[in-house]
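Student: Right, I'll just put the structure down here and ask away after.
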Amino acid sequence: MSNNGLNKSTKATLARPWILPFVIVTGLAAAWAAPWTFADGTPVSFIFKTLVPLLIQAVISSVCAILAFLGKPSWLPLLIATITVSFINAISFGFGIFDVKFGTAQIIVLTLVAIALVPTVIWGRNVVDYAVNTDMPTFNADPGHDNW
Numbered sequence: 008m009s010n011n012g013l014n015k016s017t018k019a020t021l022a023r024p025w026i027l028p029f030v031i032v033t034g035l036a037a038a039w040a041a042p043w044t045f046a047d048g049t050p051v052s053f054i055f056k057t058l059v060p061l062l063i064q065a066v067i068s069s070v071c072a073i074l075a076f077l078g079k080p081s082w083l084p085l086l087i088a089t090i091t092v093s094f095i096n097a098i099s100f101g102f103g104i105f106d107v108k109f110g111t112a113q114i115i116v117l118t119l120v121a122i123a124l125v126p127t128v129i130w131g132r133n134v135v136d137y138a139v140n141t142d143m144p145t146f147n148a149d150p151g152h153d154n155w
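Structure follows, in structure tokens:
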């Protein structure tokens with residue numbers, strides 16, 4: 008596999024470095040808001056309606072942060088999914104849509120985290136150009152000593 012001297016230029020959309028803390032905090036906020044103890048006799052459906060949406064938010068945001076750190080192109084759709092799930096959780100737990108209503112502190116934190124993610128999708132993309140000059144990656148190659 009050789010490029011035969013062709014310079015192949017490619018564009019990639021990477022995450023700006025400040026996105027990672029926002030996305031990580033989204034997962035941590037979901038874990039913090041979850042009530043991890045329930046009274047005896049609490050129906051399983053109530054536990055399911057409470058924990059599963061918050062776990063989904065935490066998992067999606069964690070995977071998004073990992074993929075953004077690695078520079079994988081799928082970080083952007085996962086960021087949009089994280090924002091969507093965050094807003095759904097903030098609204099549903101704020102208004103008690105699924106018969107589960109959280110306290111004021113949890114509602115405020117979930118809402119602020121959802122709102123804080125909006126700028127990440129607007130200004131957090133960094134489109135970079137990079138060129139592939141050879142068929143072998145050269146990021147770990149020793150620098151040439153001919154220009155010393």
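Throughout, this note's numbering is defined as the position within the sequence shown, counted from one, plus 7. For each residue, glycine too, the CB sits at the ideal point set by N, CA and C.
1. Does the structure place the stretch 92 to 104 close enough to the stretch 59 to 73 that three or more beta carbon pairs sit under 8 angstroms?
2. Which of helix, strand or coil does DSSP assign to Ala38?
3. I'd like the ranges of any beta strand (DSSP E) spanning at least 3 consecutive residues and lying wholly in the stretch 44 to 90.
4. Since Ile114 is in the alpha helix (DSSP H), which residue starts that stretch and which ends it?
5. Between the stretch 39 to 52 and the stretch 19 to 28, do at least 3 Cβ pairs fall closer than 8 angstroms?
6. Which value, in whole angstroms, describes the spacing of the CA atoms of Phe102 and Pro84?
7. What residues are listed by DSSP as bridge partners for Val135?
8. Taking contact to mean at least 3 C-beta pairs separated by less than 8 angstroms, is the stretch 37 to 45 in contact with the stretch 122 to 134?
9. State yes or no: is the C-beta of Ile114 nearer than 8 angstroms to some heavy atom of the ligand MG?
10. Please list, in chain order, all residues of the same chain as Leu58 whose beta carbon is under 7 angstroms from its beta carbon, the five residues on each side excluded.
11. Take the Cβ of Ile54 as the centre, count every other Cβ of all protein chains shown within 10 Å, and call the residue buried at 16 or more, exposed below.
12. Indicate the three-state DSSP secondary structure (helix, strand or coil) for Pro28 in the structure shown.
13. Would you check if the distance between the CB atom of Ile31 and the CB atom of Ala72 is smaller than 9 angstroms?
14. Do Ala36 and Leu117 count as a contact pair if the criterion is CB distance below 9 angstroms?
15. Of the choices Ala112, Gly78, Leu74 and Lys56, whose alpha-carbon is the least far from that of Val135?
Tutor: Reading from the atomic positions:
1. yes
2. helix
3. none
4. Thr111 to Trp130
5. no
6. 27 angstroms
7. Ala19
8. no
9. Because no ligand of any kind appears in the structure shown, any question about the ligand MG cannot be addressed here.
10. Ala41
11. exposed
12. helix
13. yes
14. yes
15. Gly78
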